[in-house]
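Going from the sequence shown to this note's numbering is simple: count from 1 and add 2.
To start, the structure under review is shown below, and the notes come after it.
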Amino acid sequence: ADTIETNIVAFRRYGDSVYRDVATRLAGYYLDHGKNNKYVVNDPTVGEGWLIHDYYHPAGMENHTSLNHQLQAVHSFLLLYESEDNPEYLEFARKMINGIKITRDMWIMEDGNLEYAYMPDGSMGLVDYDYLTYNDLLNVQEALVRITGEVDQDLQILMESKRLWMDRNNVSGYRKTEDMTNPS
3 ADTIETNIVA
13 FRRYGDSVYR
23 DVATRLAGYY
33 LDHGKNNKYV
43 VNDPTVGEGW
53 LIHDYYHPAG
63 MENHTSLNHQ
73 LQAVHSFLLL
83 YESEDNPEYL
93 EFARKMINGI
103 KITRDMWIME
113 DGNLEYAYMP
123 DGSMGLVDYD
133 YLTYNDLLNV
143 QEALVRITGE
153 VDQDLQILME
163 SKRLWMDRNN
173 VSGYRKTEDM
183 TNPS
């Protein structure tokens with residue numbers, strides 16, 4: 003996902019179609035990976051959501067889905083959608099966002115920090131980064147506001163929980179931004 007984003011940014015900056023071609027080829031690979039290597043979660047209100055496996059294994063072994071990887075992929079596909087106006091990219095990002103929305107409360111730990119990963123057995127585990135996941139949430143929110151004009155309330159809840167945890171634990175270095183609860 004990082005490489006997709008890097009190539010989109012390079013294409014926007016330099017206009018060289020080589021960057022665009024690399025981004026869309028990588029997106030094709032990731033779309034295939036996501037469709038074939040995911041946990042499907044459902045909610046009667048939200049619908050179907052996908053938590054994409056972090057890693058591919060040729061034997062098809064399941065592995066975890068880390069929140070920060072999921073968010074970075076969402077962000078990359080939202081950037082692709084903005085650049086390419088391809089509804090498949092937006093739909094893929096929405097399925098991944100829905101996966102986060104449906105499992106939202108599972109990500110929030112008792113102390114307000116966020117869990118790092120959704121594990122193959124449906125439990126949560128591993129240790130989240132101090133602020134990387136917060137930055138990823140912020141990047142996705144900003145892209146969603148540009149595309150839809152609205153803040154996703156579930157992502158906002160995750161951001162606020164992580165932000166309170168960071169403030170209580172003197173974590174700095176995270177991206178600062180204006181209040182996005184009212185984007186207009």
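By construction, the Cβ of each residue, glycine as well, lies at the ideal position given by its N, Cα and C atoms.
- Within the segment 59–122, the runs of alpha helix (DSSP H) that reach at least 4 residues and sit entirely inside it are, in chain order, 69–86, 89–104, 106–109.
- Taking Met108 as reference, the option from Lys37, Asn38, Asp156 with the minimal CA-CA separation is Asp156.
- Glu7 is a Cβ neighbour of Gln74, given a cutoff of 9 Å.
- When only Cα atoms are considered, Asp87 and Thr150 end up about 13 Å apart.
- By the Cβ rule, the segment 110–124 does not count as touching the segment 76–96, because fewer than three pairs are nearer than 8 Å.
- Note on geometry: alpha-carbon atoms of Ile102 and Tyr16 lie some 34 Å from one another.
- When the Cα atoms are used, Val42 and Arg22 turn out to be separated by approximately 30 Å.
- Less than 9 Å divides the Cβ of Gly51 from the Cβ of Ile104.
- According to DSSP, residue pairing for Leu53 in a beta bridge involves Tyr41.
- Taking the CA atoms as reference points, Thr47 sits about 22 Å from Glu90.
- Per DSSP, the unbroken beta strand (DSSP E) holding Val129 starts and ends at 126–129.
- Rounded to the nearest angstrom, the gap between the Cα atoms of Thr26 and Leu82 is 8 Å.
- Nearest to His77 by alpha-carbon distance, out of Thr179, Met161, Asn172, Ala3, is Ala3.
- If you compare the alpha carbons of Leu146, Tyr131, Ser19 with that of Arg165, the shortest gap goes to Tyr131.
- Within the model, the alpha-carbon separation for Leu134 versus Leu140 is close to 10 Å.
- The C-beta of Ser125 has fewer than 16 other C-beta atoms within 10 Å across all chains shown, which makes the residue exposed.
- For Ile54 and Leu69, the gap between their C-alpha atoms comes out near 10 Å.
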